[in-house]
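These notes are about the structure you will find just below.
Protein chains: 2
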Amino acid sequence: MKIKVIKIGGKLIENNSVLASLCDALASLGEPFVLVHGGGVMGSHLAQKLGVEVKMHEGRRITDSATLDIAVMAYAGLANKRLVAALQARGVNACGLSGCDMAVVKSHRRAVQEIDWGFVGDVDDVDDDILAMLLDKGVIPVISPITFSPKGDLLNTNADSVASAVAEGLSRRYEVELVFTLDKAGVLLDVNDDNSLIREITPALYAELRAEEKIHSGMIPKIDNAYKTIEAGVASVRITSPNDLRGGTVVKK
Amino acid sequence: MKIKVIKIGGKLIENNSVLASLCDALASLGEPFVLVHGGGVMGSHLAQKLGVEVKMHEGRRITDSATLDIAVMAYAGLANKRLVAALQARGVNACGLSGCDMAVVKSHRRAVQEIDWGFVGDVDDVDDDILAMLLDKGVIPVISPITFSPKGDLLNTNADSVASAVAEGLSRRYEVELVFTLDKAGVLLDVNDDNSLIREITPALYAELRAEEKIHSGMIPKIDNAYKTIEAGVASVRITSPNDLRGGTVVKK
Chain A
2 MKIKVIKIGG KLIENNSVLA SLCDALASLG EPFVLVHGGG VMGSHLAQKL GVEVKMHEGR
62 RITDSATLDI AVMAYAGLAN KRLVAALQAR GVNACGLSGC DMAVVKSHRR AVQEIDWGFV
122 GDVDDVDDDI LAMLLDKGVI PVISPITFSP KGDLLNTNAD SVASAVAEGL SRRYEVELVF
182 TLDKAGVLLD VNDDNSLIRE ITPALYAELR AEEKIHSGMI PKIDNAYKTI EAGVASVRIT
242 SPNDLRGGTV VKK
Chain B
2 MKIKVIKIGG KLIENNSVLA SLCDALASLG EPFVLVHGGG VMGSHLAQKL GVEVKMHEGR
62 RITDSATLDI AVMAYAGLAN KRLVAALQAR GVNACGLSGC DMAVVKSHRR AVQEIDWGFV
122 GDVDDVDDDI LAMLLDKGVI PVISPITFSP KGDLLNTNAD SVASAVAEGL SRRYEVELVF
182 TLDKAGVLLD VNDDNSLIRE ITPALYAELR AEEKIHSGMI PKIDNAYKTI EAGVASVRIT
242 SPNDLRGGTV VKK
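Pasting the structure below:
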């Protein structure tokens with residue numbers, strides 16, 4: 002069976018009309034998928050309203066106990082349930098899950114080295130049996146970036162990493178396409194021109210484009226990560242706009 | 002198969018040590034159960050911190066759009082995931098669900114009559130197939146009081162009503178005991194004396210106690226509701242302290 006694992010950003014959930022058009026697109030896919038969502042902006046907005054200071058180190062957030070509660074409320078609560086309700090309204094039998102639910106995404110708290118990142122998780126394992134049980138019943142899992150450690154800690158986790166781990170876990174039994182959405186048409190030769198879209202990237206083309214410095218530096222870690230998940234068993238990685246889930250750029254072996 | 006549907010209040014989730022002893026008690030039950038939780042205090046505290054005014058009418062809350070978001074964050078988010086993570090840490094394979102998840106608790110928005118209660122739901126249907134699928138796999142459903150209408154509205158719902166509807170739904174296939182927890186040992190002859198506990202209430206005894214005005218007026222709606230769920234198929238209703246889930250008062254046919 003073929004399956005898509007689709008990662009979307011939190012920005013798409015905050016605005017009702019954007020959420021509606023995203024869910025229209027997902028409902029019309031007509032094939033099984035797993036959705037993994039972020040929620041960054043919703044967390045930041047809630048922290049701001051609550052007067053909780055967001056602590057950063059080198060541009061990355063530190064998750065103290067108050068910030069964790071905010072992330073759980075915003076991501077596992079509001080973002081997740083809004084998405085699920087909007088999908089249900091369109092006939093998609095969605096089920097919201099955070100990592101703790103049926104222990105579907107286990108992680109460990111990141112070790113303290115130079116800096117204590119707080120309640121931040123690095124994913125250890127995704128339970129593909131549970132996800133397959135749901136998919137076999139026609140259920141679409143909608144996964145928040147709140148994972149948990151078997152000790153019982155809820156942990157804030159990078160949603161891209163959760164999506165990659167879910168895709169890798171499911172590739173043990175399905176042919177998986179991992180879809181990353183962004184606010185461009187895909188990987189572009191000219192970052193300001195959607196017509197300069199590269200439809201397919203192979204290792205040979207990628208080496209050539211990098212040698213010629215034709216790929217925007219922000220795209221390099223995304224494509225490098227795409228190849229890591231492909232090495233781990235994922236069939237292909239698509240980088241595209243949420244409005245064109247079958248389009249954009251496909252990264253392939 | 003016998004199964005317990007256990008309703009707990011939100012107060013038990015807010016404090017870590019209270020939550021820990023509740024989850025110890027649940028983990029040592031050694032039988033399948035479904036947990037339904039409220040979250041009232043967590044919602045009120047969050048509303049207060051956010052400066053959102055809680056609108057009331059005759060002692061009951063009106064759920065406007067801002068209050069609904071708070072309820073979804075506090076109940077479907079923080080309360081639900083804290084419970085699930087704490088149960089997982091004790092070897093209970095819990096799965097948090099709100100009504101929208103796999104459409105497990107469908108409701109409709111309460112009709113506007115003299116007063117518009119806002120985004121408040123009255124339960125229409127509980128999907129016992131979904132709950133049975135989970136229970137058959139050894140999964141313990143943990144249900145928040147956020148339900149949804151098939152139109153896609155998330156709806157704040159009375160947790161006692163959700164628990165009753167879940168118990169009634171499950172009684173189509175199991176022998177169900179519905180357990181309501183409170184901060185007393187159960188139904189007491191003398192409200193200030195836990196030793197005055199009535200261990201079993203039958204319709205005959207209930208009629209007698211009411212005629213003699215020996216039952217505290219606050220208990221009458223609880224026992225009336227217990228008999229309504231028993232008429233709807235639930236085997237028995239237990240009213241007890243969360244520290245003594247096998248004790249307290251059993252209301253029987």
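Quick note, the sequences are listed as chains A and B, same order. Count along the first sequence from 1, add 1, and you get the number used in my numbering. Count along the second sequence from 1, add 1, and you get the number used in my numbering. Just so it is clear, CB atoms sit at the ideal spot from N, CA and C, and this is done for glycine as well.
Counting only beta-carbon atoms, is residue i nearer than 8 Å to chain A?
| i | result |
| --- | --- |
| Gln89/B | yes |
| Lys152/B | yes |
| Val140/B | yes |
| Asp123/B | no |
| Val1/B | Here chain B covers residues 2 to 254 and nothing more, so residue 1/B does not appear. |
| Val251/B | no |
| Val180/B | no |
| Gly78/B | yes |
| Asn157/B | no |
| Lys12/B | no |
Report yes if the C-beta distance between residue i and residue j is below 8 Å; otherwise report no.
| i | j | result |
| --- | --- | --- |
| Ile144/B | Leu84/B | no |
| Leu27/B | Val93/B | yes |
| Gly234/A | Glu169/A | yes |
| Lys56/A | Asp65/A | yes |
| Val167/A | Val37/A | yes |
| Lys8/B | Thr203/B | no |
| Ala87/B | Cys24/B | yes |
| Val140/B | Cys96/B | yes |
| Asn157/A | Ala48/A | no |
| Val6/B | Val42/B | no |
| Gly44/A | Ala75/A | yes |
| Val180/A | Arg239/A | yes |
| Gly39/B | Gly10/B | yes |
| Ile116/B | His46/B | no |
| Gln114/B | Gly153/A | no |
Using the Cβ count rule (16 or more neighbours within 10 Å means buried), how would you classify residue i?
| i | result |
| --- | --- |
| Ala212/A | exposed |
| Ser29/A | exposed |
| Ser99/A | buried |
| Gly78/A | buried |
| Pro142/B | buried |
| Leu190/B | exposed |
| Ser108/B | buried |
| Ala227/B | buried |
| Ile221/B | exposed |
| Val106/A | buried |
| Ala80/B | buried |
Would you please state the rounded distance, in angstroms, between the beta carbons of residue i and residue j? I believe it to be under 8 Å.
| i | j | result |
| --- | --- | --- |
| Cys101/A | Leu155/A | 7 Å |
| Arg200/A | Thr241/A | With a Cβ gap of about 10 Å, Arg200/A and Thr241/A do not count as contacting. |
| Glu176/A | Lys12/A | Incorrect: roughly 30 Å between the Cβ atoms, too far for contact. |
| Gly122/A | Thr148/A | 4 Å |
| Asp245/B | Ala186/B | 7 Å |
| Ser150/B | Thr230/B | Ser150/B to Thr230/B, Cβ: 23 Å. No contact. |
| Ala133/B | Arg174/B | 6 Å |
| Asp128/A | Ala104/A | 6 Å |
Any Cβ of chain B within less than 8 Å of the Cβ of residue i?
| i | result |
| --- | --- |
| Asn17/A | no |
| Phe149/A | yes |
| Leu51/A | yes |
| Ser99/A | yes |
| Glu70/A | Inspection of the sequence shows that residue 70/A is occupied by Asp rather than by Glu. Yes, its Cβ sits closer than 8 Å to a Cβ of chain B. |
| Asp194/A | no |
| Ala104/A | yes |
| Ala75/A | yes |
| Asn244/A | no |
| Asn255/A | Nothing about residue 255/A can be read from this structure; chain A reaches only from 2 to 254. |
| Lys223/A | no |
| Lys5/A | no |
So who's on the other strand from residue i, going by DSSP bridges?
| i | result |
| --- | --- |
| Cys24/B | Bridge partners of Cys24/B: none, in fact. |
| Pro142/B | Cys96/B |
| Ser237/B | Glu178/B |
| Lys107/B | Asp126/B and Phe149/B |
| His58/A | Arg61/A |
| Ile4/A | Val177/A |
| Asn157/A | Val121/A and Ile147/A |
| Ile343/B | Residue numbering for chain B in the displayed model covers 2 to 254; residue 343/B lies beyond these limits and cannot be assessed. |
| Ile221/B | According to DSSP, Ile221/B bridges with nothing at all. |
| Glu32/B | Paired residues: none, contrary to the question. |
| His38/A | Ile9/A |
| Ile202/A | Val252/A |
Return yes when the C-beta of residue i is under 7 Å from any heavy atom of the ligand NAP, and no when it is not.
| i | result |
| --- | --- |
| Leu183/B | As far as ligands go, the structure on display features none, and thus does not contain the ligand NAP. |
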